[in-house]
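Enquirer: Numbered by this note's numbering, the letters in the sequence shown go through residues 223 to 490 in order.
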Amino acid sequence: MRAIYADEDEDDVFDLRDERPLSRARRRLPWLRMTLFSGLCIAALAYLAQQDLAEQRSGGQTAIPATILVAPPPAWAPLVPARTAYGLDKTLDPVIAEARQHSGGGREDTLIVGALGEQRYVRVVFSHGIPPTPRSFYVDIVRRAAEAGLSVERNAQTAMLPTKFGPVESAAVTLAGSSEQNCQAFRFHDGEAAFGFQGWLCGSDTVDIHRLACFIDGVTLSGASDPALTALFARAGRAPPEECATNARTASIGAKASKAPSGRTFAR
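1. In chain order, what are the residue ranges of uninterrupted alpha helix (DSSP H) at least 4 long that sit wholly in the stretch 407-455?
2. Is the number of C-beta pairs between the stretch 315-328 and the stretch 392-401 that are closer than 8 Å three or more?
3. Apart from the five residues on each side of it in sequence, which residues of its chain come closer than 6 Å, Cβ to Cβ, to Gly336?
4. Can you grab the Cα-Cα spacing for the pair Arg412 / Thr355, in whole Å?
5. Tell me which residues share the same chain as Arg376 and place their Cβ nearer than 7 Å to its Cβ, disregarding the 5 neighbours each side in the sequence.
6. Does the beta-carbon of Thr472 have 16 or more other beta-carbons within 10 angstroms, so that it is buried, or is it exposed?
7. Let me know if Thr306 comes out buried or exposed under the rule of 16 or more other beta-carbons within 10 Å of its beta-carbon.
8. Looking at C-alpha atoms only, which residue of Arg345, Met382, Gly261, Cys436 is the closest neighbour of Glu330?
9. Measure from the alpha carbon of Ser444 to the alpha carbon of each residue in Gly459, Arg433, Lys386, then state which is nearest.
10. How many Å lie between Leu434 and Val317 at the Cα?
11. Report all residues from its chain with a CB closer than 7 Å to the CB of Ala370; omit the five preceding and five following residues, and keep chain order.
12. Are the CB atoms of Gln406 and Ser392 nearer to each other than 8 Å?
13. Looking at the secondary structure, which residues open and close the beta strand (DSSP E) in which Ala378 lies?
14. I need the boundaries of the alpha helix (DSSP H) containing Val364, first residue and last residue.
15. Can you tell which of Arg409, Gln273, His432 has the C-alpha that lies nearest to the C-alpha of Arg357?
16. Taking the C-alpha atoms as reference points, what is the distance between Leu291 and Ile352?
17. Per the DSSP calculation, Gln341 is bridged to which residue(s)?
18. Starting from the N-terminal side, write out each stretch of the alpha helix (DSSP H) that is 4 residues or longer and does not extend beyond the stretch 293-335.
19. Measure the beta-carbon distance from Phe455 to Phe348 and round it to whole angstroms, keeping in mind my assumption that it falls under 8 Å.
20. Might you give, ordered along the chain, the residues of its own chain that have their beta carbon closer than 6 Å to the beta carbon of Cys424, omitting 5 neighbours on each side?
21. Taking Asp311 as the reference, give the member of Pro449, Cys436, Ser447 with the closest Cα.
22. According to DSSP, is Leu397 part of a helix, a strand, or is it coil?
23. For Asp439 versus Thr385, is the C-beta distance shorter than 8 Å?
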């Protein structure tokens, strides 16, 4: 009996020895599975994250609208036809009129007679409803000359000239373009009426301040709807002196004679 039990005990021992490696292997398998499963999860999450990032990038590029650059409207707009309310002496003919409207509501009217180098050349800019910019007389004239395609070569000392509007700044200047011409430049502004004018008067001979005063006194207004502007011209409504009318007639005759073809006489 003991031999039988001994054999059985030996068999049990061998069985235990045979089962121990299996139990250890079984205990190791769950950790291996967890490691493999965790690795697969991490790989899947990384793949999904890359997909989301790619979608966000592509979606962000299409979602942002293209930048549209809109230029601001121009400060000045031309008025066509240029119906101006200002007039010059009737002997100054023909007169070319230009007008433009400011986006803020102001307006400029430019009256032009002749061209640089001719016996009579006038350019005067009337402004209404535009606050004045603090500039020196010389800078203002240079700016206006540049608008006309000209430059200021020389200028004399500024003086105040009495006119029907009151004192007007004036100075002798030399304008240059295709040629040079001696002129009298001028500038005036009335803050109460928000009105002003500036420009120049040129001639074949030297233009003195008396001719300039007569020219300014010959400026008229017709059909203006602004009460302050109408009141300003009403206060300044005195007629030019008789000597101005005489000088204007003489200048007009001289201008017509200079335009006459050579060898042609006028009937008396």
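Each residue gets a CB set at the ideal place from its N, CA and C atoms; glycine is no exception.
Keep in mind it's a predicted model, so treat the numbers as computed, not measured.
Expert: This is what the structure holds:
1. 431-439
2. no
3. The count along the sequence shown starts at 1 and reaches residue 336 at position 114. Answer for Gly336: Arg342, Tyr343, listed in chain order.
4. Against the sequence shown, residue 412 aligns to sequence position 190. Against the sequence shown, residue 355 aligns to sequence position 133. The sequence as given places Asp at residue 412; Arg does not occur at that position. Rounded to the nearest angstrom, the two C-alpha atoms are 13 Å apart.
5. Here residue 376 refers to the residue found at position 154 when the sequence shown is read from its first residue. For Arg376, where only same-chain residues beyond five positions count, the Cβ hits under 7 Å are Val395, Thr396.
6. Counting from 1 along the sequence shown, the entry for residue 472 is found at position 250. Caution is warranted here: a pLDDT of 48 is assigned to Thr472, below 50, making its placement in the model unreliable, and no coordinate value can be reported.
7. As a working note, residue 306 is residue 84 in the sequence shown. With 16 or more other Cβ atoms within 10 Å, it is buried.
8. On the sequence shown, position 108 is the one that residue 330 refers to. Looking at the Cα atoms, Arg345 is the closest of the given residues.
9. The count along the sequence shown starts at 1 and reaches residue 444 at position 222. Looking at the Cα atoms, Gly459 is the closest of the given residues.
10. Looking up residue 434 in the sequence shown gives position 212. Looking up residue 317 in the sequence shown gives position 95. Distance between the alpha carbons of Leu434 and Val317: 17 Å.
11. Numbered from 1 along the sequence shown, position 148 holds the residue referred to as residue 370. Same-chain partners within the cutoff: Arg345.
12. Here residue 406 refers to the residue found at position 184 of the sequence shown. Here residue 392 refers to the residue found at position 170 of the sequence shown. Their beta carbons are under 8 Å apart, which means Gln406 touches Ser392 by this criterion.
13. Residue numbering aside, residue 378 sits at position 156 when the sequence shown is read from its first letter. Counting along the chain, Ala378 falls outside any beta strand (DSSP E), and DSSP gives it neither H nor E.
14. Counted from its first residue, the sequence shown places residue 364 at position 142. Looking at the DSSP string, the run of the alpha helix (DSSP H) that includes Val364 is 359-369.
15. One-based indexing of the sequence shown puts residue 357 at position 135. Comparing Cα positions, the closest option is Arg409.
16. Position 69 of the sequence shown, counted from the first residue, corresponds to residue 291. Position 130 of the sequence shown, counted from the first residue, corresponds to residue 352. Cα to Cα, Leu291 sits roughly 29 Å from Ile352.
17. The count along the sequence shown starts at 1 and reaches residue 341 at position 119. Gln341 pairs with nothing; no bridge assigned.
18. none
19. Reading the sequence shown from its first residue, position 233 is the one you call residue 455. Reading the sequence shown from its first residue, position 126 is the one you call residue 348. That pair is no contact at about 11 Å.
20. The residue given as residue 424 occupies position 202 in the sequence shown. Within the same chain, Cys424 has close Cβ partners Tyr343, Gln403, Cys405.
21. Counting from one through the sequence shown, the residue named residue 311 turns up at place 89. Measuring from the Cα of Asp311, the nearest candidate turns out to be Cys436.
22. Mapped onto the sequence shown, residue 397 falls at position 175. Strand.
23. To locate residue 439, count along the sequence shown from 1; it is residue 217. To locate residue 385, count along the sequence shown from 1; it is residue 163. Yes, the Cβ-Cβ distance between Asp439 and Thr385 is below 8 Å.
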